[in-house]
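Encoded as structure tokens, the structure appears first; notes follow it.
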Amino acid sequence: MFRQILKGLPIAAVALGISTGAALAGKANDTLTWVTDRESPVVDPYFNRTRELVIIGNTAWDGLLFRDLKSGKFVPLLAKSYKWVDNVTLDFELRENVKFHDGSSFGPEDVIYTVDFTTNKDNGVVTLKNTSWMKSAEKTGPNSVRIHLHKPFPAALAYLAQAVPILNAGHYDNAPMTQDGKKDFGAVKPNGTGPYKITEIVPGEKIVMVRNDDYFEGSPKGKPAIKNLVYRTIKEMNTQMAELLTGGVDWIWDVPKDQAEKLSASGQVDIVNAKTMRISYLAFDVDGSSDNKAFKDLRVRQAFAHAINRESIVKNLVGEAAAVINTPCHPDQVACAQDVSGYEYDPAKAKKLLVEAGYPDGFEFDIYAYRQREFTEAVISDLAKIGVKAKLNFMQYRKLRGLAQNGVTPVHHMTWGSYSIPDASACAGVFFSGGKDDPANDPKVNELINKAGNLTDQGEREKLYSEAFNMISKNVYWLPMFTYAKNYAYNKDLSIETTSDEIPRFYTAKWK
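What follows is the structure in structure tokens.
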């Protein structure tokens, strides 16, 4: 069976797994090695928005709060307790005897510094929307702090738990300078309070972490059982699988459905297909800022919506834990209204719309993507059936996000994991509140989305989101595709739970 699975994999890939990986991973070396195909050139949760850094941020840093996935409640983490003073003021009592990885003590000054730095637009934080809802922070006692909000923000606790890791005061003060004379904040040595310390960074290759044996008692994260944690970048899935089978790697995800089935049949590794909070979507160049003006025509966008067989993609490629969606948010997110009209698969109707738009013979265009090439190729195949020919431009997420924000892409197929924030504002609020990520900048949609994001009445929020989502759907500014499901494959000696927020808790993993 082993040979059958490896059949067709590159010889070099198999050799790599045997010769270089096996000695570095596994129970014998107390080293958990996890792999994805994406690089993390910047190892800083405020200057890298990739999913890999969300995971590493949760592993090497802590926030004031922690979301208990089983209860759904937000519990104190670096905070000892918290309370709402009013709807724009939060008070925190902080834990004592917490140390950063460099040995410095954690206290109110660190919280104040984090809020001040990350909310300052001049500092270039790439995750600014994760912190811009905070107005300021102030010290209210020897071990207490108060955070002021600009306005009511119902997702505040979720962001503090998932997207606001606490930095040590002065963390970026001595950042190196770039060639153009600016501070390179992302190059500063990582220094968190989390259960693992980052000890080595080899850009484009690996990030090495070691257990923080001084991690504070009482943390809801618990203390890690495994000593060493290594993140590696391996571009090719075939190579990832070869290393997993030969002992060089312990944990991989995003395994294609057909390959996951073969791995499962082998009995050599554990396979799990589990849902996540990530969604897939197509975004269109509504205003004609790219070289291709076809997508200014609503009928063309509607044709695409009818031409793509989303149900088939989910069934045949994504996995049983996925589902087709019509909303620009995940159904599990708070206030993600579901009473939204969608588009049924109807190639004949799609062709008719193209004729009406003046494209009886179809046309050619560029589609951009970065994740799961086979999903985008399925989209391209469906479009070919109505005479539309797509050229795929496949690249790293960071580059594609910039092209999309600058209006270069006629159509881009991307995903969004909402930083694992369980609130509709973490998705709809990013892409339809106005700005570079908004494909339409529709004033009415922006008004509804922004208003919903600042209300605490969940029923009223859903009504506003419903109105906005139906406008987005009617105008096909986006085509929401499906919720993501991931195929995880990992060492049979490893005990680790999959989580719906797409943040594997490696600090809870154990060897069997």
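Heads up: the sequence shown at position 251 corresponds to 668 in the working numbering, and the numbers run straight through without jumps. No residue lacks a Cβ here, since even glycine has one placed at the ideal position from N, Cα and C.
Asked: Whole-angstrom distance between G558 and T826, CA atom to CA atom; Found: 51 Å
Asked: Residues bridged to T506 (per DSSP); Found: D503 and H565
Asked: C-beta atoms of T793 and Y901 nearer than 8 Å; Found: no
Asked: Backbone secondary structure at V864 - three-state DSSP; Found: Per the sequence shown, the amino acid found at residue 864 is Glu instead of Val. E864 falls in the helix class under three-state DSSP.
Asked: Beta-carbon proximity list for A677, same chain, < 6 Å, skipping 5 on both sides; Found: I688 and N904
Asked: Same chain only: Cβ atoms within 7 Å of E510, ignoring 5 sequence neighbours per side; Found: A496, K497, S498, N560 and S561
Asked: DSSP-derived helix/strand/coil call for Y467; Found: Note that residue 467 corresponds to Thr in the displayed sequence, not to Tyr. Note: T467 maps to coil in three-state DSSP.
Asked: Cut-off 7 Å between Cβ atoms - residues of its own chain near N547, not counting five sequence neighbours on either side; Found: Y576, A580, V581 and Y836
Asked: Assigned secondary structure, E781 (DSSP; H/G/I helix, E/B strand, else coil); Found: strand
Asked: Backbone CA spacing between R878 and M658 [nearest angstrom]; Found: 44 Å
Asked: Beta-bridge pairing of D687 - partner residues as DSSP gives them; Found: Y907
Asked: Identity of the residues DSSP links to T900 by a beta bridge; Found: I696 and A740
Asked: C-alpha gap between A578 and W501, whole angstroms; Found: 15 Å
Asked: Proximity below 8 Å, CB of W478 to CB of P462; Found: yes
Asked: Contact between the stretch 536-550 and the stretch 721-737 (3+ Cβ pairs under 8 Å); Found: no
Asked: C-beta atoms of L574 and F491 nearer than 8 Å; Found: yes
Asked: G443 - DSSP class collapsed to helix/strand/coil; Found: strand
Asked: Reduced DSSP category for G876 - H, G, I as helix; E, B as strand; rest coil; Found: helix
Asked: Which listed residue (S729, P569, T531 and L507) has its alpha carbon closest to that of A869; Found: P569
Asked: For S553, the first and last residue of its enclosing beta strand (DSSP E); Found: M551 to G558
Asked: Endpoints, beta strand (DSSP E) assigned at R484; Found: L482 to R484
Asked: Under the three-state DSSP convention, the category G438 falls into; Found: Residue confidence for G438 is low, a pLDDT of 42 falling below 50, so the modelled location carries little weight; the figure read from the coordinates is stated next. Three-state DSSP puts G438 in a helix.
Asked: Rounded separation between A691 and Y814 - CA only; Found: 23 Å
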